[in-house]
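Scroll down for the structure; my scribbles are underneath it.
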Amino acid sequence: MGSCHRVHPFKLLISGAGVAADIHLRHSAPMIYRIALSVFVALAGLVVSSQMSVAVAEQASVLEARVSKVQDGDTFTLKGQSRRIRVWGLDAPEWDHPGGSDATATLRHLISGKTLTCQVLDMDRYGRYVAQCFLPDGRDIAAEMIRSGVATEYCRYSGGFYGTC
């Protein structure tokens with residue numbers, strides 16, 4: 007009886023320049039699937055992330071409205087907006103921390119009832135717009151708060167934009 011040589015479906019014979027190698031796909035298939043799945047998940051994450059950034063940019067790149075409420079020294083709400091605004095580049099103490107009531111009062115005095123122009127730059131993990139905002143006379147709110155001494159530049163995010171890092 008002659009021998010019948012069957013090629014295993016998970017083996018591939020590669021030959022060229024007189025060299026032959028067996029690649030056992032049976033052992034490498036799980037690794038290939040894991041790599042493919044990792045690449046797919048990473049790409050899906052990038053797509054979702056970029057869509058969120060595009061949605062923020064398209065829906066609210068510039069907001070212009072009157073201030074309706076000041077939550078603390080770096081967060082407020084504009085009339086007609088359901089999302090709060092977090093002032094970009096500004097780090098103020100929370101209202102219930104030392105210095106927080108002064109920061110809140112200063113921001114309230116600076117912006118309450120005024121129409122602001124806010125350039126939305128991002129959305130934070132709490133769903134707030136992160137925006138660089140300006141008073142009607144063009145002054146930057148973060149710069150004014152930093153200058154007053156009740157808040158500091160948030161260097162981690164501002165990259166030293168206000169020159170105090």
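Its first residue numbered 7, the sequence shown is counted upward by one per residue in the working numbering.
Glycine residues also receive a C-beta, built at the ideal position from the N, C-alpha and C atoms.
- When S164, E159, Y160, D78 are compared, the shortest CA-CA separation from L116 is found for D78.
- Beyond the five residues adjoining it in sequence on each side, R134 comes within less than 7 Å, by CB distance, of T81, R89, R90, I91, R92 in the same chain, given in chain order.
- Comparing alpha carbon positions, the residue from L96, I152, K75 closest to G86 is K75.
- Residues G79, D80, A109, A157 of the same chain have their beta carbon placed closer than 6 Å to that of A98, with the five preceding and five following residues left out of the count.
- Per DSSP, D78 is one residue of the beta strand (DSSP E) stretching across 68 to 78.
- Minimum Cα-Cα distance from S118 among the listed residues Y132, A71, R162, G169 corresponds to A71.
- For R90, DSSP records a beta bridge to T83.
- Counting of Cβ neighbours within 10 angstroms places T170 among the exposed residues, the total staying below 16.
- Looking at the DSSP output, T121 bridges to R72.
- In the structure shown, L113 adopts helical secondary structure according to DSSP, grouped into three states.
- DSSP, read as helix, strand or coil, puts A148 in helix.
- Contact between S164 and G105 does not hold, since their C-beta atoms are separated by about 19 Å, which reaches or exceeds 8 Å.
- In summary, V126 is buried, with 16 or more beta-carbon neighbours lying within 10 Å of its beta-carbon over all protein chains present.
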